[in-house]
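With numbering that gives the first Met the number 0 applied, the sequence shown covers 0 to 593.
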Amino acid sequence: MTRSYSARILNAFVLFLFAACFLLRLFVWKLFPTAEAFLKEDIANLLVSALVFFCAAVAFLRKYCSRERVEATGFEWPLGVLVLAAAFSILYSVDTSIAIKATLALAAHVLLFYVAADIMGEERRIRIAFLIALAAALLTAFFGIREYYYLLHRVPAPGEESLGRLNISLEYILLSKRVTSFLGWPNSLAGYLMLLFPATGLMIIGFKNIWARIPLALATLTLLLCYLFTFSFLGWTSLFLATLCLTPWLADVFSFKRLSTAGKVFLTAGVVIFIGCFLVVISKKSFLSSLVPRVFYHKNVLKLILDQPFFGYGMNTFRVSSAKLIFTSNAYSAFVHNSYLQVWVEAGLVGFAALLAFVWKFVQCTRRTWAMTMLFNERLIFLGLTWGLAAFLIDNLYSFTLLKPNIGLFFWAHLGAWVAYARMIYLKQKKQSRHDKPAPQMRWPLLAGMVIAGVLCFFTGRLTLAMWDAHQAMQITRLERMQQSLDLFNTAEELDPWDGKIPGYLGNRYIQIYRVTGKPKFLELAQAEFEEGVRRSPNVYDNYFLLSRVCRARGNGDCFTRADAMASRLFPFEYHNAVAEEARVAQAAAVKKP
0 MTRSYSARIL
10 NAFVLFLFAA
20 CFLLRLFVWK
30 LFPTAEAFLK
40 EDIANLLVSA
50 LVFFCAAVAF
60 LRKYCSRERV
70 EATGFEWPLG
80 VLVLAAAFSI
90 LYSVDTSIAI
100 KATLALAAHV
110 LLFYVAADIM
120 GEERRIRIAF
130 LIALAAALLT
140 AFFGIREYYY
150 LLHRVPAPGE
160 ESLGRLNISL
170 EYILLSKRVT
180 SFLGWPNSLA
190 GYLMLLFPAT
200 GLMIIGFKNI
210 WARIPLALAT
220 LTLLLCYLFT
230 FSFLGWTSLF
240 LATLCLTPWL
250 ADVFSFKRLS
260 TAGKVFLTAG
270 VVIFIGCFLV
280 VISKKSFLSS
290 LVPRVFYHKN
300 VLKLILDQPF
310 FGYGMNTFRV
320 SSAKLIFTSN
330 AYSAFVHNSY
340 LQVWVEAGLV
350 GFAALLAFVW
360 KFVQCTRRTW
370 AMTMLFNERL
380 IFLGLTWGLA
390 AFLIDNLYSF
400 TLLKPNIGLF
410 FWAHLGAWVA
420 YARMIYLKQK
430 KQSRHDKPAP
440 QMRWPLLAGM
450 VIAGVLCFFT
460 GRLTLAMWDA
470 HQAMQITRLE
480 RMQQSLDLFN
490 TAEELDPWDG
500 KIPGYLGNRY
510 IQIYRVTGKP
520 KFLELAQAEF
530 EEGVRRSPNV
540 YDNYFLLSRV
550 CRARGNGDCF
560 TRADAMASRL
570 FPFEYHNAVA
580 EEARVAQAAA
590 VKKP
């Protein structure tokens, strides 16, 4: 087999893997419907990250076989510093396991961005990638519209206003009638759709063939309708602010003198529809309902930053580090709802500066590429891609979609397509060809990239297996199969020696066995597992609270006092709720006694 032939096979394989990563990310979490929320999220994030690392390793191998040089994107140093800051935060994180998983997801997204920018180096490939992204978005929008229709015509169950311990996101969706489709939260869906429908809408004007314009118009309306049903006031505000930022370019491209009659009609209809939808969202959603919770989140994050301004608490650990500041349900969130401040509190000042430098590089590259763009259709496509990215970055001033893996991946893939298109414009302007003989280069960076991506793939796969074993163990509830459940939990503990939640799951299982058998040895085993969970993750509230209750049942007063005090300090709001629930149950049991 010749070198060029093997490179072509690998190239096709990379394209397939890239599409698989993109599509799998949409619905992977739905493959585990019975899993606990955070466990389901961890499995989904690790599984997709492992596939991305494998995709990156194959992409580096393809470049090695074809003797291609590594193309610069302009974002090397800010992204490199951001990933290194995230990785460094693992060393002093308040929860090592959470920080490891979040850093792996961030590294996977950055690698996917580089793979996307590399493999979409031809106009034909960019079109294919855009069609795949559009098909995925249309599928998501279709299910979102269907979901809204269901919520609109659904008859509320008696007593639904007090759903009690039901999952808070499900309660929110049912009562507010805001759609989430595959992405689990309305603003996540809004962030995903705003990446795509500006480019789709602008392409309607770019095509002269009516048979191309009609499907694009229908696709744009479908995405816009689903975007409307998210009723994300701040999402629409982000799109509006991005439009204001790009107004000079929009005015240049959409000069009525240059547009055909059909183009003028499409443009006018688009402006009218946009304004109408914005007014509907404003009338439907109260601004204060979005503002008030964010005030609590931002107060908490500012307190944490002032306590530790230079070094962060570890990636994705805001929900752990902020728990000690929470005394009301309005103040609790796993995210700051400002990705830039969240990077500061989690990855430190260096990570925050790197993220700001990345945004500034994006602005610089945008202005430089626009100055080189001459053709009308090129300007339309570049403007559409930029519009969605700009809206997404603005949206993260009061949202978290850049840091949430199930939506962040689509931003990085979209950015990769944007970089590939900007590179094509640059090469055309400089009259250079991608098929010119590449300059001599060192081979070791590609080999190093393959090794690093391969090692990360293996490590992420190991963590994925640990999460999967824990999930499988939790599905076993029959007493006669309990030993199989314990074996799976023990395997998960060995595969992932950093996660304190897995010993907690195992300790809970021992408590269940104790309640059935009444044998004290299972309480002793449960205490040992909770103590192991505390050792692994010393800031996990659940392990301390359950450890205190086990110690109390065993008559160990010192252990109970220490663990109970730590639980109340780590998460006072949840602790007081749990104590109140215990008191209510005890009172109900006392009333039932003869």
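Ideal Cβ placement from N, Cα and C applies to all residues, glycine included. None of the values given here were measured: they were computed from a predicted structure.
Three-state secondary structure (DSSP) of residue i
| i | result |
| --- | --- |
| Arg378 | helix |
| Ile325 | coil |
| Arg534 | helix |
| Ser398 | coil |
| Glu67 | coil |
| Pro292 | helix |
| Ser484 | helix |
| Ala438 | Model confidence at Ala438 stands at a pLDDT of 47, short of 50, so the residue's coordinates are unreliable; what they give is reported in the following sentence. Coil at Ala438, not helix or strand. |
| Trp497 | coil |
| Ile8 | helix |
| Ala579 | helix |
| Leu392 | helix |
| Leu165 | With a pLDDT of 44 at Leu165, under the threshold of 50, the modelled position of this residue cannot be trusted; read the value that follows with caution. Reduced to three states, the DSSP call for Leu165 is coil. |
| Glu121 | coil |
| Tyr312 | coil |
| Gln526 | helix |
| Gln341 | helix |
| Ile172 | helix |
| Phe17 | helix |
| Gln307 | coil |
| Met466 | helix |
| Leu182 | coil |
| Ile131 | helix |
| Met473 | helix |
| Arg433 | Here the model assigns Arg433 a pLDDT of 47, short of 50, so the residue's position is not dependable, and the following value carries that caveat. Looking at Arg433 - three-state DSSP - the assignment turns out to be coil, as it is neither helix nor strand. |
| His297 | helix |
| Met373 | coil |
| Ser92 | coil |
| Leu355 | helix |
Bounding residues of the alpha helix (DSSP H) (the contiguous stretch that carries residue i)
| i | result |
| --- | --- |
| Glu40 | Ala36 to Cys64 |
| Ala333 | Counting along the chain, Ala333 falls outside any alpha helix (DSSP H), and DSSP gives it neither H nor E. |
| Asp596 | No answer is possible for residue 596: the residues shown for the chain start at 0 and end at 593. |
| His108 | Thr95 to Ile118 |
| His413 | Pro404 to Gln428 |
| Val549 | Tyr540 to Ala552 |
| Trp28 | Where Trp28 is concerned, there is no enclosing alpha helix (DSSP H), given that its DSSP letter is neither H nor E. |
| Ile209 | Ile209 to Phe228 |
| Glu75 | Glu75 to Ser88 |
| Ile203 | Pro185 to Gly205 |
| Glu72 | Residue identity differs from the one stated: residue 72 is Thr in this sequence, not Glu. Element bounds for Thr72: n/a, residue is neither H nor E. |
| Arg318 | Phe317 to Ser320 |
| Leu233 | Phe232 to Cys244 |
8 angstroms contact criterion, which residue i and residue j should meet: CB distance rounded
| i | j | result |
| --- | --- | --- |
| Phe230 | Arg145 | Between Arg145 and Phe230 the Cβ distance is about 16 angstroms, and since that is not below 8 angstroms, they are no contact. |
| Gly311 | Ala333 | Their Cβ separation, rounded to whole angstroms, is 16 angstroms, which puts Gly311 and Ala333 out of contact at 8 angstroms. |
| Trp417 | Thr372 | Not a contact, Cβ separation roughly 13 angstroms. |
| Leu194 | Phe410 | 7 angstroms |
| Cys456 | Ala56 | 6 angstroms |
| Phe309 | Pro77 | Contact flag wrong, Cβ pair sits at about 18 angstroms. |
| Met466 | Ile42 | 4 angstroms |
| Leu137 | Thr221 | 6 angstroms |
| Val93 | Ser320 | 5 angstroms |
| Ala353 | Leu81 | 4 angstroms |
| Tyr540 | Ala525 | Actually they are not in contact, since the Cβ atoms of Tyr540 and Ala525 sit about 17 angstroms apart, beyond 8 angstroms. |
| Phe112 | Leu414 | 6 angstroms |
Contact test: residue i Cβ vs the ligand GTP heavy atom, cutoff 8 angstroms
| i | result |
| --- | --- |
| Val47 | Although the ligand GTP was asked about, the structure shown includes no ligands whatsoever. |
Handout entry: Touch test, the region 98–110 against the region 402–416, Cβ-Cβ under 8 angstroms, three pairs minimum
Key = With a cut-off of 8 angstroms, the region 402–416 and the region 98–110 count as touching, because enough Cβ pairs lie within range.
Problem - Meets three-Cβ-pair contact criterion under 8 angstroms: the region 204–214 and the region 115–133 - result: They do not touch, by the three-pair rule.
Exercise for the section: Pair every Cβ in the region 67–83 with every Cβ in the region 24–37, then say whether three or more of these pairs are closer than 8 angstroms. Expected result: Contact between the region 67–83 and the region 24–37 is absent, because fewer than three Cβ pairs lie under 8 angstroms.
Handout entry: Segment contact flag, the region 10–22 with the region 124–134, C-beta cutoff 8 angstroms, min 3 pairs
Key = With contact defined as three or more Cβ pairs closer than 8 angstroms, the region 10–22 and the region 124–134 are in contact.
Exercise for the section: Taking 8 angstroms as the threshold, find out whether the region 305–325 comes into contact with the region 276–285 through three or more Cβ pairs. Expected result: Counting C-beta pairs with one atom in each stretch, the region 305–325 and the region 276–285 have fewer than three that are closer than 8 angstroms, which means they do not touch.
Problem - the region 79–88 contacting the region 41–49, beta-carbon criterion three pairs below 8 angstroms - result: Of all C-beta pairs linking the region 79–88 to the region 41–49, fewer than three are shorter than 8 angstroms, placing the two stretches out of contact.
Exercise for the section: Check whether the region 499–511 touches the region 483–491, counting contact only when three or more Cβ pairs, one atom from each stretch, lie closer than 8 angstroms. Expected result: Of all C-beta pairs linking the region 499–511 to the region 483–491, three or more are shorter than 8 angstroms, placing the two stretches in contact.
Problem - At least three beta-carbon pairs within less than 8 angstroms, the region 490–500 to the region 447–463 - result: Short answer: they touch.
Practice task
Spell out a yes or no on whether the region 378–392 and the region 240–253 are touching, meaning 3 or more CB-CB pairs, one atom from each, closer than 8 angstroms.
Solution key: Note that the region 378–392 touches the region 240–253; at least 3 beta-carbon pairs, one per stretch, sit closer than 8 angstroms.
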